[in-house]
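Numbering (the numbering used here), first residue to last: 334 to 550.
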């Protein structure tokens, strides 16, 4: 729906630009907003994800010998971290063509910069996918270690809340600093939700015995 409104200059796009101008000239502090917007940089999100990928790979490699005999299935312990890295790599491959196709002009604050190509937000998608898949890797790794005791770690809601807060902070920072319209950020979140769902489906289907056991109560 968001993409259709942006492409067709629908009424939601008009409201979106009004809201964007109001937030950009609002009272949110510019310094913290810039910091939050920077959390969507690949230079920030990628190292965080890489650290979690190494940890998840190590946990999977350590537990592979205990999982395979119990389930009788080959454990692809390397698949979740590898798929996580590929998921983040897919973001620019999807965002850049969409930006060129829709060619949405940016906020007034971006005058003198790129003339168009602001929907969806690359920073918003990078943050949502990078931190989101990192959180999923952590929950998956902890769930594997706790197999047989609890399918879902007790701190899972806190992890989800932290990632959600980071994404909201990045989105507000991007709009407050005039880098994007609100719909640009919402569109990037929708794209991220699809990519995270694909990651979960791939890992649940092909990661092997560890995934199957962890998913059972």
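Think of the CB as a built atom: it goes at the ideal place given N, C-alpha and C, for glycine as much as any other residue.
These numbers were taken from a predicted model, which means no experiment stands behind them.
Starting from residue i, follow its DSSP beta bridges and name the residues at the other end.
i           : result
residue 371 : DSSP, once it has assigned bridges, lists no residue as partnering residue 371.
residue 449 : 438
Please state whether the Cβ-Cβ distance between residue i and residue j is less than 8 Å.
i           : j           : result
residue 353 : residue 460 : no
residue 421 : residue 466 : yes
residue 378 : residue 504 : no
residue 440 : residue 511 : yes
residue 411 : residue 390 : yes
residue 469 : residue 394 : no
residue 450 : residue 476 : no
residue 367 : residue 514 : no
residue 357 : residue 386 : no
residue 491 : residue 472 : no
Which of the three DSSP states, helix, strand or coil, is assigned to residue i?
i           : result
residue 440 : coil
residue 401 : Low confidence applies here, because residue 401 scores a pLDDT of 49, under 50, leaving its location unreliable; read the following figure in that light. It is helical.
residue 540 : coil
residue 362 : coil
residue 334 : coil
residue 351 : helix
Would you please state the rounded distance, in angstroms, between the beta carbons of residue i and residue j? I believe it to be under 8 Å.
i           : j           : result
residue 508 : residue 495 : In fact, because the Cβ distance is near 21 Å, the residues do not count as touching under 8 Å.
residue 516 : residue 346 : 7 Å
residue 409 : residue 540 : 5 Å
**Item:** Complete runs of the alpha helix (DSSP H) confined to the segment 465 to 509 [at least 4 residues]
**Value:** Restricting attention to alpha helix (DSSP H) runs no shorter than 4 residues, the segment 465 to 509 encloses them at 489 to 509, ordered along the chain.
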